[in-house]
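Peer 1:
Residue numbers (our numbering): 1 to 157.
1. In three-state terms, what does DSSP make of residue 6?
2. Taking only three categories from DSSP, how would you classify residue 136?
3. Beta carbon of residue 56, beta carbon of residue 112: below 7 angstroms?
4. Report the partner residues of residue 35 according to the DSSP bridge assignment.
5. Output yes or no for whether 7 angstroms exceeds the beta carbon distance between residue 65 and residue 145.
6. Grab me the residues of residue 52's own chain with a C-beta within less than 7 angstroms of its C-beta, minus the 5 sequence neighbours each way, in chain order.
7. Do you know offhand how far residue 159's Cα is from residue 97's?
8. To which residues of the same chain is residue 28 closer than 7 angstroms at the C-beta, ignoring the five residues directly before and after it?
9. Quick one: what's got a C-beta closer than 8 angstroms to residue 102's C-beta in the same chain, skipping five residues either side?
10. Between which two residues does the beta strand (DSSP E) harbouring residue 69 extend?
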(Lines of atoms letter the chains of each structure in order from A and count residues from 1; the text may use other names and numbers.)
(Lines give C-alpha, C1' and ligand atoms only; values in the text may rest on other atoms or scores of the structure.)
Protein backbone atom coordinates (compact mmCIF):
# COMPACT_ATOMS: atom_id res chain seq x y z
CA UNK A 1 0.00 0.00 0.00
CA UNK A 2 1.36 3.39 -0.95
CA UNK A 3 1.71 6.49 1.17
CA UNK A 4 1.76 10.03 -0.15
CA UNK A 5 4.07 12.82 0.84
CA UNK A 6 2.91 16.08 -0.68
CA UNK A 7 4.86 19.31 -0.81
CA UNK A 8 4.00 22.56 -2.51
CA UNK A 9 6.32 21.72 -5.42
CA UNK A 10 5.86 18.00 -5.98
CA UNK A 11 4.16 14.83 -4.90
CA UNK A 12 6.15 11.71 -4.06
CA UNK A 13 4.58 8.27 -4.06
CA UNK A 14 6.20 5.63 -1.87
CA UNK A 15 5.24 1.98 -2.33
CA UNK A 16 6.33 -1.37 -1.05
CA UNK A 17 9.05 -3.07 -3.09
CA UNK A 18 7.34 -4.08 -6.34
CA UNK A 19 10.05 -3.27 -8.86
CA UNK A 20 11.18 -0.07 -10.45
CA UNK A 21 9.08 -0.37 -13.59
CA UNK A 22 5.87 -0.89 -11.61
CA UNK A 23 6.69 2.02 -9.31
CA UNK A 24 7.58 4.50 -12.05
CA UNK A 25 4.68 3.67 -14.35
CA UNK A 26 2.08 3.69 -11.58
CA UNK A 27 3.58 6.81 -10.03
CA UNK A 28 3.45 8.59 -13.38
CA UNK A 29 -0.16 7.55 -13.95
CA UNK A 30 -1.09 8.74 -10.44
CA UNK A 31 0.73 12.06 -10.94
CA UNK A 32 -1.11 12.70 -14.22
CA UNK A 33 -4.50 11.72 -12.73
CA UNK A 34 -4.07 13.95 -9.68
CA UNK A 35 -2.87 16.98 -11.64
CA UNK A 36 0.70 17.14 -10.34
CA UNK A 37 2.94 19.74 -11.92
CA UNK A 38 6.12 17.60 -11.71
CA UNK A 39 7.03 13.93 -11.70
CA UNK A 40 10.14 13.24 -9.64
CA UNK A 41 11.61 9.80 -8.95
CA UNK A 42 14.32 8.54 -6.70
CA UNK A 43 15.61 4.99 -6.30
CA UNK A 44 14.16 3.30 -3.22
CA UNK A 45 17.50 1.75 -2.24
CA UNK A 46 17.97 4.34 0.51
CA UNK A 47 21.20 5.60 -1.06
CA UNK A 48 19.68 8.90 -2.20
CA UNK A 49 18.36 11.26 0.47
CA UNK A 50 15.09 13.21 0.33
CA UNK A 51 17.07 16.46 0.11
CA UNK A 52 18.13 15.43 -3.40
CA UNK A 53 14.47 15.18 -4.45
CA UNK A 54 13.97 18.72 -3.21
CA UNK A 55 16.98 19.85 -5.29
CA UNK A 56 15.41 18.33 -8.41
CA UNK A 57 12.10 20.07 -7.56
CA UNK A 58 13.84 23.43 -7.10
CA UNK A 59 15.48 23.12 -10.52
CA UNK A 60 12.13 22.34 -12.13
CA UNK A 61 10.21 24.98 -10.19
CA UNK A 62 12.18 27.86 -11.67
CA UNK A 63 10.86 27.01 -15.14
CA UNK A 64 14.26 27.26 -16.81
CA UNK A 65 14.36 23.45 -17.20
CA UNK A 66 11.59 20.92 -17.79
CA UNK A 67 13.71 17.79 -17.31
CA UNK A 68 16.29 17.50 -14.52
CA UNK A 69 18.59 14.50 -14.18
CA UNK A 70 20.58 13.77 -11.06
CA UNK A 71 24.34 13.42 -11.41
CA UNK A 72 26.30 11.63 -8.73
CA UNK A 73 28.84 13.83 -6.97
CA UNK A 74 31.00 10.72 -6.58
CA UNK A 75 30.86 7.61 -8.79
CA UNK A 76 33.15 5.47 -6.66
CA UNK A 77 30.29 3.11 -5.73
CA UNK A 78 29.60 2.04 -9.33
CA UNK A 79 30.90 -1.35 -10.45
CA UNK A 80 33.31 -1.44 -13.40
CA UNK A 81 30.80 -3.50 -15.42
CA UNK A 82 28.01 -0.97 -14.84
CA UNK A 83 30.34 1.91 -15.71
CA UNK A 84 31.22 0.25 -19.04
CA UNK A 85 27.54 -0.33 -19.90
CA UNK A 86 26.57 3.24 -18.95
CA UNK A 87 29.43 4.70 -21.02
CA UNK A 88 28.32 2.63 -24.03
CA UNK A 89 24.70 3.76 -23.59
CA UNK A 90 25.86 7.37 -23.35
CA UNK A 91 27.89 6.98 -26.54
CA UNK A 92 24.90 5.58 -28.47
CA UNK A 93 22.54 8.34 -27.28
CA UNK A 94 25.10 11.09 -27.93
CA UNK A 95 25.57 9.85 -31.52
CA UNK A 96 21.87 9.26 -32.21
CA UNK A 97 20.83 12.73 -31.04
CA UNK A 98 24.03 14.51 -32.14
CA UNK A 99 24.53 16.02 -28.68
CA UNK A 100 27.05 18.85 -28.39
CA UNK A 101 27.92 17.95 -24.80
CA UNK A 102 28.53 14.47 -23.42
CA UNK A 103 25.91 12.93 -21.16
CA UNK A 104 26.68 12.81 -17.45
CA UNK A 105 25.59 9.88 -15.31
CA UNK A 106 22.16 9.44 -16.88
CA UNK A 107 21.27 6.49 -14.63
CA UNK A 108 21.84 8.10 -11.26
CA UNK A 109 18.39 7.08 -10.01
CA UNK A 110 17.16 10.59 -9.19
CA UNK A 111 15.37 12.62 -11.85
CA UNK A 112 12.23 14.57 -12.64
CA UNK A 113 10.32 16.37 -15.34
CA UNK A 114 7.50 18.84 -15.80
CA UNK A 115 4.17 17.21 -16.53
CA UNK A 116 2.88 20.47 -18.00
CA UNK A 117 5.55 20.77 -20.67
CA UNK A 118 6.46 17.14 -21.28
CA UNK A 119 3.12 15.38 -20.69
CA UNK A 120 3.33 12.94 -23.57
CA UNK A 121 6.30 11.01 -22.20
CA UNK A 122 5.19 7.40 -22.17
CA UNK A 123 7.20 4.57 -20.72
CA UNK A 124 7.59 1.10 -22.21
CA UNK A 125 10.54 -0.08 -20.09
CA UNK A 126 10.19 -2.35 -17.11
CA UNK A 127 13.22 -1.57 -14.95
CA UNK A 128 16.48 0.31 -14.86
CA UNK A 129 16.25 1.28 -18.52
CA UNK A 130 13.48 3.74 -17.61
CA UNK A 131 15.96 6.55 -16.94
CA UNK A 132 17.34 6.15 -20.45
CA UNK A 133 13.86 5.99 -21.89
CA UNK A 134 12.88 9.25 -20.16
CA UNK A 135 16.09 10.91 -21.33
CA UNK A 136 15.50 9.79 -24.92
CA UNK A 137 11.85 10.94 -24.83
CA UNK A 138 12.95 14.31 -23.44
CA UNK A 139 15.65 14.65 -26.12
CA UNK A 140 13.05 13.97 -28.81
CA UNK A 141 10.68 16.60 -27.47
CA UNK A 142 11.04 19.94 -29.30
CA UNK A 143 10.52 21.98 -26.10
CA UNK A 144 13.03 20.01 -24.06
CA UNK A 145 15.29 21.92 -21.67
CA UNK A 146 17.45 19.40 -19.79
CA UNK A 147 19.67 20.13 -16.81
CA UNK A 148 21.82 18.11 -14.45
CA UNK A 149 21.65 18.47 -10.69
CA UNK A 150 24.45 17.19 -8.43
CA UNK A 151 23.19 14.64 -5.90
CA UNK A 152 24.82 12.78 -3.04
CA UNK A 153 24.59 9.00 -3.39
CA UNK A 154 25.79 6.77 -0.59
CA UNK A 155 28.50 4.42 -1.79
CA UNK A 156 27.99 0.66 -2.02
CA UNK A 157 29.75 -1.15 0.79
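For every residue, glycine included, the Cβ atom is placed at its ideal position computed from N, Cα and C.
Peer 2: A quick look at the data gives this:
1. Here residue 6 refers to the residue found at position 6 when the chain shown is read from its first residue. Because the pLDDT at residue 6 is just 41, under 50, the model does not fix this residue reliably, and the value given afterwards should be weighed accordingly. It is a strand residue.
2. As a working note, residue 136 is residue 136 in the chain shown. The DSSP-derived three-state label of residue 136 is helix.
3. Residue 56 sits at position 56 when you count from the first residue of the chain shown. Residue 112 sits at position 112 when you count from the first residue of the chain shown. Going by C-beta atoms, residue 56 is nearer than 7 angstroms to residue 112.
4. Stepping through the chain shown from its first residue, residue 35 is reached at position 35. BP columns for residue 35 are empty, so no partner.
5. For the purposes of this step, residue 65 is identified with residue 65 of the chain shown, where counting begins at 1. For the purposes of this step, residue 145 is identified with residue 145 of the chain shown, where counting begins at 1. In contact: residue 65 and residue 145 (Cβ atoms closer than 7 angstroms).
6. The residue given as residue 52 occupies position 52 in the chain shown. So the qualifying residues of the chain are 42, 70, 110, 151, 152.
7. The question about residue 159 has no answer, for the chain in this structure spans 1 to 157.
8. Here residue 28 refers to the residue found at position 28 when the chain shown is read from its first residue. So the list reads 39, 123, once near-sequence residues are dropped.
9. Residue mapping note: residue 102 aligns to position 102 of the chain shown, counting from 1. Once the five neighbours on either side are set aside, the close Cβ partners of residue 102 are 90, 94.
10. Residue 69 sits at position 69 when you count from the first residue of the chain shown. 67-72 is the extent of the beta strand (DSSP E) around residue 69.
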